[in-house]
Structures are given as C-alpha cells and as structure tokens.
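The structure appears right after this line, and notes come after that.
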Amino acid sequence: MAAGATMYSFQVTLADVDRGVYEDLALRVARHPSETDAFMLTRLLAYCLEYTDGIAFSDGISATGEPAVYAKDATGALVTWVEVGAPDAARLHDGSLRSPRVAVYTHRDPAKVSALWSGKRIHRSEEIELHSFDPGFIERATEALERRTVVSVSRVEDTLYLELNGWQGQSALHAQRVS
781 MAAGATMYSF QVTLADVDRG VYEDLALRVA RHPSETDAFM LTRLLAYCLE YTDGIAFSDG
841 ISATGEPAVY AKDATGALVT WVEVGAPDAA RLHDGSLRSP RVAVYTHRDP AKVSALWSGK
901 RIHRSEEIEL HSFDPGFIER ATEALERRTV VSVSRVEDTL YLELNGWQGQ SALHAQRVS
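The opening residue of the sequence shown carries number 781 in the working numbering; numbering runs sequentially from there.
Shown next as structure tokens:
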C-alpha cells in the first residue's frame with residue numbers, strides 16, 4: 781500500500797448473470813491520494829466485472845509495471861491484464877505482450893480515450909476491449925461512496941445494476957475494440 785493511501789472496505793454481492801458468476805466478496809481497496817473517487821470506483825467495477833479465480837488488485841499507482849487489476853491461473857501465469865482510466869498505448873502494448881487477454885475500463889469519454897491510441901503501436905490491439913459506462917453514471921455513483929460501503933453489482937444482458945449504500949443506478953455496459 782502506498783504511503784498516504786486511504787483504505788476503503790467494500791462488502792460486495794456480485795451477480796453476473798451474463799457470465800454465470802455469483803459471489804459475495806469482502807474487498808479492501810487502497811485509494812492513493814492522487815486517485816479520484818471515479819477512478820477507484822471504476823477499478824472496483826472492473827474487478828467485479830472481470831471476476832475469476834486468481835483475480836487481484838495490483839499495488840496501485842506505485843506498481844508501475846502492473847495493471848490496475850490482473851488475474852493469474854493456478855500455475856501463476858498471467859491470464860488477464862486490466863487497465864483503468866486512460867492508459868497510454870505503451871502500457872496496452874506491454875500488457876498485450878505479457879497477457880493473453882487485455883481489457884480497459886474507463887469512466888471517461890471512450891472516444892477521447894481511444895483517440896489517445898490512434899496510430900500507436902499496440903500488440904494485438906484488435907483483441908483489446910475498451911469498456912465504458914453511460915455518461916455521468918460513475919460520477920453519480922461516487923456520491924454514495926463511504927470508507928465502508930455495501931455494494932451490489934449485477935450484470936444482466938450487458939446492463940449494469942449498481943447499488944451503493946442504498947443509492948441505486950443502472951448503466952449500459954459499452955464495449956468496443958481498440959482498433
């Protein structure tokens with residue numbers, strides 16, 4: 781955990797009907813002082829929406845050679861590399877060289893995020909998915925964040941239903957290929 785980071789505790793009920801994943805999770809997330817609530821919440825949602833055996837948060841901003849979220853198989857081999865926000869093309873290129881699957885989750889305008897990668901060299905870019913939410917969804921949800929938050933995350937037919945400490949909202953889950 782980075783110096784000055786604030787710890788958040790999330791009690792998550794996950795029901796990903798689209799993938800057949802149902803879990804109750806107790807997660808502790810370190811929020812670095814330079815990290816926004818929107819970035820942290822997007823990181824949490826990426827973890828939930830990518831949930832699988834071997835998934836973990838990296839050490840955060842201080843772990844420059846790691847993605848925000850990753851998954852390893854039983855042998856310790858990296859199988860999923862997940863970036864959050866607006867990573868640069870070099871990070872996506874590196875992730876795609878190191879992992880068979882790469883995804884990006886953003887709370888920003890996906891057109892502006894993907895424009896950052898235009899014309900840049902990204903290994904297997906056609907296989908990388910950029911996931912986003914409806915405009916304003918993440919910002920509205922962050923208003924319900926507390927240091928201890930009860931969360932319900934449900935995905936049904938590419939619609940995300942989210943409840944945070946009683947706040948409820950929904951968003952389409954948008955996905956596009958990087959190139």
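Cβ atoms here follow ideal geometry from the backbone N, Cα and C, with glycine treated the same way.
Bounding residues of the alpha helix (DSSP H) (the contiguous stretch that carries residue i)
i      : result
Ile918 : Phe917 to Thr922
Val893 : Pro890 to Ala895
Asp833 : Run containing Asp833: none; DSSP gives neither H nor E here.
Pair within 8 angstroms by beta-carbon distance, residue i and residue j
i      : j      : result
Val873 : Ile835 : First, the residue type needs correcting, since residue 873 is His and not Val in the sequence shown. No; because the gap between Cβ atoms is not below 8 angstroms, this pair is not in contact.
Gln956 : Pro867 : no
Ala785 : Ala810 : yes
Leu967 : Arg920 : This structure gives no information on residue 967, because the portion of the chain shown stretches from 781 to 959.
Ser905 : Ser959 : yes
Ser894 : Leu910 : yes
Ala851 : Val859 : yes
His818 : Thr922 : Here the sequence assigns Ala to residue 818, which means His is not the residue at that position. Contact flag set, yes.
For residue i, three-class secondary structure by DSSP
i      : result
Arg928 : strand
Thr822 : helix
Ala870 : helix
Val951 : First, the residue type needs correcting, since residue 951 is Ser and not Val in the sequence shown. Note: Ser951 maps to strand in three-state DSSP.
Ser934 : strand
Buried or exposed (CB count within 10 angstroms, at least 16 for buried), residue i
i      : result
Met820 : buried
Arg927 : exposed
Thr855 : exposed
Val797 : exposed
Arg808 : exposed
Ala883 : buried
Range of the contiguous beta strand (DSSP E) that encloses residue i
i      : result
Ala795 : Thr786 to Asp796
His812 : Unbroken run through His812: none, as it is neither H nor E.
Lys852 : Val849 to Lys852
Thr816 : Thr816 -> no beta strand (DSSP E), and no H or E assigned at all.
Cross-strand partners of residue i (DSSP beta bridge)
i      : result
Tyr885 : Val864 and His911
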